[in-house]
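Enquirer: Protein chains in written order, with my numbering: chain C, 1 to 222; chain S, 1 to 195; chain Z, 1 to 206; chain A, 1 to 184.
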Amino acid sequence: MDDLLNVSGVSNDDSDEEHLTAAQVLEKLEQAWMNERLSPNLMECKSQIVEIMLEQIEEMEANIQRAQKGDLKISLHRLELDRIRYVVSSYLRCRLEKIEKFAPILLEREKSKSDDEPSKLSPEEFAFAKELVGNVDNHFKSSALKHMPRNLQNIALHEITSRPNLDHYVFLRVHQREEGVIVDPETDDHAEDRVDLEVGAQHLMRYQPIEQLVENGAVSLI
Amino acid sequence: MFGEKALDLIRELHRSRDGTLGPYNEDVVRQILEEMQILYEANQEDVAQVVQNDSDQSSLTAIQVRHDSLQRNKRCLLAYLYNRLMKIRDMRWEFGSVLPPDIRRNMSEREVQWFSNYNRSLSSYMRSIGPRGLDLTQDLKPPQNVFIEVRCVEDRGEIELDDGSRILLKKNSMHFLPRSQCERLIRQGILKQVA
Amino acid sequence: MDVSHKSSSGMLQDYMSIDDILMSSERLPSVFLVPVKGLGFLDASTNKKDIAVGTKMDLPLWLVLSLAHPRKKFISFDYTKPYKGTYREILKADASVVDLHKIGPFFYAFGQQLLTLNHNESLQMAKCLVLTFMERFRKIMDWSVNAYEHDNSERQEKLDEVERNLFKLGQKSLQSFQQWEMGESRKLSSSELVSRHRKRKRDMSE
Amino acid sequence: MEPGDVEFIAEKELVKIVPNFALGKIYFISGDVGPFSPGLPVDVPLWLAIAIKQRQKCRVHPPEWLDVDKIETMKDDEIASEFFTELPNPHFCEVAQLLLTHATDNIPNADLLRTLIKDIWDIRAAKLRSNIDKFVKLQAGHARLDNLSQMEINTIRPFLTASLDHMYQLRISQSYTERNMSTQ
């Protein structure tokens, strides 16, 4: 029985995540979830982590099916699965909301980005965003634009969609020391306001200067 | 001033900020499009004149005013359509894939079409997640227990649970059910979580 | 979380925003510096065919932004009262007692839009916007974290649209925190839209 | 984030329980827990402790800091200090609340503790508000807030960040206007 439920050793071929235990993958997922919930724009998709976690859930569920009902251990496992499923759902739901909001802009970025820049959208999210933009575009055309004078019929959705506010203020905790982060370059011409981010410290500042630090894990949003 | 009709549409949206969807205002939409046509034709005439007599400042100004009015009308119309779509989108998440008839009645034919397209995109996205798909309209709050106690708010007859067992949902009856089995019924206001 | 409230420059309007559209329909006293052919009917005070140079009209901001643009200068315009010297002095004296909604209701957003156009008092006005919010901030914060007292709706009435939104955010956090304290925060509940819809149906059938 | 989410995260904190049952190690996805032997204390995540406690299969050992004397000292320190004092746990408020709800019978003086913790919360909230007001009046672009707990951050966040966003836009407008004037 113990062996039956032991799924903490994960192996996933040639992936970044291959040396991690299931617990470590879960921790990464929780981190990504928090960051995504608190950041103003869409972050890089952690598809692989999601994939691994859902496989873990699937495997554990299969094991539970085979085990005895009413067992204390089983009900505790169930609770853990519900917890993890919540994190995955909430993470993907939050991403979906942002994708729906910013889809035209996100698709435009995908078009213009260089090949070595990572895509922010998973292939499935990309497909969803494309369909959504197509549907909105269609609706605009058929309900209004095609009845307008000819020179007004064109629109570029990405130009009229509201943009993520990168100047949004966020709370963060520091994991890796970072020196001289410029926090307030735009409103003060004379002295740029710089801060050192020390490990363990918590700060309140605009998102834009630390966007990359969140992406690479040097800081996390809290 | 030009654009007043368009502003009426926006005011209409503003009044229903609570998420409700008023009837699609076909009439005013048509009137705005007519105003746009008139503005456009008047501008065509003035443009033709300016081409012949290029120093006519008063025509140029008139063209500018009409041009701005056309853009304003366009913006209001698109914002009207877009904000309605976003409400309809929210309803997919709150009511599910079948909307109550009185809400549906307030949608234009094209909005109904948009809703069903959105539905289809969303379902196919959710099916594509993980090995078996993941219903993102579920698990909306962090779980505390696998089983929860619920009270039935209205008669709903018999329903079947995932494990094949059947329960009778009778008004005021109490049930102890897996959370995953009753989340949707709670969202729809058929069950109420007690503890 | 409303993360797309405004573009990063803070001065651009959000094309699809209902608030921005309403805001840009507020009017400004303007004077035509050039004639306008055939649009005399827009000026309700006369029945002339054209708009003559020197005609005074209250124009909506969306039109002023175009016609008063430094490259065109088809019109000159003046600030509305809340942005002029006398009012700036009142705000300076004690911003926190002023009914911004009455003189607004988009006091800040409208003011910010005016700043994109040249005006000889623009710098004083820009400073006034910052100071006004700074002075009112403490009160809005204290109100918004206080449990729904009887005079809350009255307080809200004196707030500009942005401030009202802030106030609501504070109240919402307070409510969810209190729900959490009572151990209700993780209970599943019916969706808001569904409840409202049911209630309306009930009301109608009664 | 909702308070429920913050509480959910806090449930990962470890707490000591004394089980009244025997069970081998459980291999959770989030890590191994156990083994459990009757009468032998074992560390488990809070969510698990609550689930087991609800089945009346354990006693919960409150953390050392959840004690009237210690919390009273904390309260005095909080009043005396100009800054935020360091909390004994980053999820101080959530952990205390959860334990006081689900394991009341295992915690001496639960009612008094509840009151004291609420007092500390209120003192800190008032301190936070006056700090924020100073921050806004200084037009500062950045603040360091080391000892704030996640629940405290979460409760003020929507209002505070939206206010600062607004303030930032107004300042941008001002500096745009200044630049514009100087180039004329």
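Here a beta-carbon is modelled for each residue, glycine too, at the ideal position from N, C-alpha and C. For clarity, every value in this text was computed on a predicted model and none was experimentally measured.
Given that Gly-4 (chain A) touches chain Z, what residues does it touch there, using C-beta distances under 7 Å?
Expert: As a working mapping, residue 4 (chain A) is identified with position 4 in the fourth sequence. What Gly-4 (chain A) touches in chain Z: Trp-180, Ser-185, Arg-186.
Enquirer: Looking at chain S, which residues of the stretch 25-38 of chain Z have a Cβ within less than 7 Å of any of its Cβ atoms?
Expert: Taking 7 Å as the Cβ-Cβ cut-off against chain S, the residues of the stretch 25-38 of chain Z that qualify are Ser-25, Val-34, Pro-35, Val-36, Lys-37, Gly-38.
Enquirer: Name, going along the chain, the residues of the stretch 153-165 of chain C whose beta-carbon falls closer than 9 Å to a beta-carbon of chain Z.
Expert: Residues passing the 9 Å Cβ filter: Glu-159, Ile-160, Thr-161, Ser-162, Arg-163, Pro-164, Asn-165.
Enquirer: Quick one: which chain Z residues come within Cβ less than 7 Å of Asp-183 (chain S)?
Expert: As a first step, residue 183 (chain S) is located in the second sequence; it is residue number 183 there, counting from the start. Here the sequence assigns Glu to residue 183 (chain S), which means Asp is not the residue at that position. Ordered by position in chain Z, the residues that pass the 7 Å Cβ test against Glu-183 (chain S) are Leu-188.
Enquirer: Considering Cys-58 (chain A), what are the terminal residues of the beta strand (DSSP E) in which it resides?
Expert: On the fourth sequence, position 58 is the one that residue 58 (chain A) refers to. Here the beta strand (DSSP E) through Cys-58 (chain A) covers 58-61.
Enquirer: If we cut at 8 Å on Cβ distances, does Met-207 (chain Z) have a partner in chain S?
Expert: Outside the shown range of chain Z, which is 1 to 206, sits residue 207 (chain Z), and nothing can be said about it.
Enquirer: Under 8 Å, do Gly-104 (chain Z) and Asp-160 (chain Z) count as touching if we go by C-beta distance?
Expert: Working through the third sequence from its first residue, we reach residue 104 (chain Z) at position 104. Working through the third sequence from its first residue, we reach residue 160 (chain Z) at position 160. It is a contact, given that the beta carbons lie within the stated cut-off.
Enquirer: Please list the terminal residues of the continuous alpha helix (DSSP H) segment that includes Glu-94 (chain S).
Expert: If you number the second sequence from 1, residue 94 (chain S) lands on position 94. 57-95 is the span of the alpha helix (DSSP H), which, as asked, contains Glu-94 (chain S).
Enquirer: Could you pull the DSSP bridge partners for Gly-24 (chain A) from this structure?
Expert: Translated into the one-based positions of the fourth sequence, residue 24 (chain A) becomes position 24. Gly-24 (chain A) is not bridged to any residue.
Enquirer: Which class does Val-98 (chain S) belong to by DSSP, given the choice of helix, strand or coil?
Expert: Taking the second sequence and counting its residues from 1, the one referred to as residue 98 (chain S) is at position 98. Looking at Val-98 (chain S) - three-state DSSP - the assignment turns out to be coil, as it is neither helix nor strand.
Enquirer: Looking at the structure shown, is His-77 (chain C) part of a helix, part of a strand, or coil, going by DSSP?
Expert: Here residue 77 (chain C) corresponds to residue number 77 of the first sequence, with the count starting at 1. If DSSP states are grouped into helix, strand and coil, His-77 (chain C) belongs with the helices.
Enquirer: Give a yes or no on whether the minimum CB-CB distance between Asn-106 (chain S) and chain C is below 8 Å.
Expert: For this step, residue 106 (chain S) is matched to residue 106 along the second sequence. Chain C contact via Cβ: absent.
Enquirer: Alpha helix (DSSP H) containing Val-68 (chain A): first to last residue?
Expert: For the purposes of this step, residue 68 (chain A) is taken as residue 68 along the fourth sequence, with counting starting at 1. That run of the alpha helix (DSSP H) goes 68-80.
Enquirer: In chain C, which residues lie less than 9 Å from Tyr-15 (chain Z) when you measure between Cβ atoms?
Expert: Counted from its first residue, the third sequence places residue 15 (chain Z) at position 15. Those within 9 Å of Tyr-15 (chain Z) in chain C are Glu-159, Ile-160, Thr-161, Ser-162.
Enquirer: Do Leu-193 (chain Z) and Gly-189 (chain S) come within 8 Å of each other at the CB atom, strictly closer than that value?
Expert: Stepping through the second sequence from its first residue, residue 189 (chain S) is reached at position 189. Stepping through the third sequence from its first residue, residue 193 (chain Z) is reached at position 193. Cβ atoms of Gly-189 (chain S) and Leu-193 (chain Z): not closer than 8 Å.
Enquirer: Strictly under 8 Å for the Cβ-Cβ distance: is Asp-196 (chain C) near chain E by that measure?
Expert: No chain E is part of this structure, whose protein chains are labelled C, S, Z and A.
Enquirer: Report the three-state DSSP secondary structure of Gly-54 (chain Z) (helix, strand or coil).
Expert: If you number the third sequence from 1, residue 54 (chain Z) lands on position 54. Gly-54 (chain Z) falls in the coil class under three-state DSSP.
Enquirer: Using a Cβ cut-off of 8 Å (strictly closer), state whether Pro-142 (chain S) contacts chain A.
Expert: Walking along the second sequence from the start, residue 142 (chain S) turns up at place 142. Cβ-Cβ to chain A under 8 Å: yes for Pro-142 (chain S).
Enquirer: At a CB distance below 8 Å, what residues from the stretch 119-146 of chain Z approach chain S? Give them in sequence order.
Expert: Hits within the stretch: zero.
Enquirer: Would you call the stretch 211-221 of chain C in contact with the stretch 30-49 of chain C, where contact means no fewer than 3 C-beta pairs closer than 8 Å?
Expert: Judged by Cβ distances under 8 Å, the stretch 211-221 of chain C makes contact with the stretch 30-49 of chain C, as three or more pairs qualify.
Enquirer: I'd like to know if Tyr-87 (chain Z) contacts chain A, where contact means its C-beta is closer than 8 Å to some C-beta of that chain.
Expert: Indexing the third sequence from 1 puts residue 87 (chain Z) at position 87. So no, Tyr-87 (chain Z) is outside the interface.
Enquirer: Roughly how many angstroms separate the alpha carbons of Gln-181 (chain S) and His-203 (chain C), rounded to a whole number?
Expert: As a working note, residue 181 (chain S) is residue 181 in the second sequence. As a working note, residue 203 (chain C) is residue 203 in the first sequence. Their Cα atoms are separated by approximately 42 Å.
Enquirer: Here's a check: name, in chain order, each residue in its chain whose Cβ is nearer than 6 Å to the Cβ of Pro-63 (chain A), leaving out the five neighbours to either side.
Expert: As a first step, residue 63 (chain A) is located in the fourth sequence; it is residue number 63 there, counting from the start. Answer for Pro-63 (chain A): no residue qualifies.
Enquirer: From A:Gln-174, A:Val-44, A:Ser-81, pick the residue whose C-alpha is nearest to that of Ser-122 (chain Z); which is it?
Expert: The residue labelled residue 122 (chain Z) in the question sits at position 122 within the third sequence. With distances taken between Cα atoms, Ser-122 (chain Z) lies closest to A:Gln-174.
Enquirer: Run through DSSP, which three-state label would Glu-64 (chain A) get?
Expert: Against the fourth sequence, residue 64 (chain A) aligns to sequence position 64. Coil at Glu-64 (chain A), not helix or strand.
Enquirer: Who are the Cβ neighbours of Ile-186 (chain S) in its own chain at under 8 Å, not counting the five residues just before and after it?
Expert: Numbered from its first residue, the second sequence carries residue 186 (chain S) at position 186. Contacts found: Val-150, Lys-192, Gln-193.
Enquirer: What does the alpha-carbon distance come out to for the pair Ala-126 (chain A) and Leu-148 (chain A)?
Expert: Position 126 of the fourth sequence, counted from the start, is the residue given in the question as residue 126 (chain A). Position 148 of the fourth sequence, counted from the start, is the residue given in the question as residue 148 (chain A). Spanning the two alpha carbons is a distance of roughly 13 Å.
Enquirer: Taking the straight line between their C-alpha atoms, what separation do you get for Val-183 (chain C) and Glu-94 (chain A)?
Expert: Within the first sequence, numbered from 1, the residue matching residue 183 (chain C) stands at position 183. Within the fourth sequence, numbered from 1, the residue matching residue 94 (chain A) stands at position 94. Each residue's alpha carbon lies about 31 Å from the other.
Enquirer: May I have a chain-ordered list of the alpha helix (DSSP H) segments no shorter than 4 residues that lie completely inside the stretch 148-181 of chain C?
Expert: If we require 4 residues or more, the alpha helix (DSSP H) runs fully inside the stretch 148-181 of chain C come out as 157-160.
Enquirer: Using a C-beta to C-beta distance shorter than 9 Å, which residues of chain S count as neighbours of Arg-155 (chain Z)?
Expert: As a working note, residue 155 (chain Z) is residue 155 in the third sequence. Simply none; closest approach about 20 Å.
Enquirer: 8 Å is my cut-off, CB to CB: does Ala-32 (chain C) come that close to chain A?
Expert: Against the first sequence, residue 32 (chain C) aligns to sequence position 32. No, its Cβ sits nowhere closer than 8 Å to a Cβ of chain A.
Enquirer: Taking the alpha carbon of Gly-3 (chain S) as the reference point, which residue from S:Asp-90, S:Leu-168, S:His-67 has its own alpha carbon closest?
Expert: On the second sequence, residue 3 (chain S) is found 3 positions in, with the first residue counted as 1. Ranking the options by Cα distance to Gly-3 (chain S), first place goes to S:His-67.
Enquirer: Within the chosen definition, does the stretch 157-173 of chain C reach the stretch 101-113 of chain C through at least 3 CB pairs nearer than 8 Å?
Expert: The stretch 157-173 of chain C vs the stretch 101-113 of chain C: in contact.
Enquirer: Would you report the Cα separation of Leu-42 (chain Z) and Tyr-24 (chain S), rounded to the nearest angstrom?
Expert: Residue 42 (chain Z) sits at position 42 when you count from the first residue of the third sequence. Residue 24 (chain S) sits at position 24 when you count from the first residue of the second sequence. Going by the C-alpha atoms only, they are around 29 Å apart.
Enquirer: Residues of chain C with CB closer than 8 Å to the CB of Val-146 (chain S), please, in chain order.
Expert: By one-based count along the second sequence, residue 146 (chain S) stands at place 146. Within 8 Å Cβ-Cβ: Ser-75, Arg-78, Leu-79, Asp-82.
Enquirer: Do Leu-136 (chain S) and Arg-83 (chain C) have their C-beta atoms closer together than 8 Å?
Expert: Counted from its first residue, the second sequence places residue 136 (chain S) at position 136. Counted from its first residue, the first sequence places residue 83 (chain C) at position 83. Contact: no.
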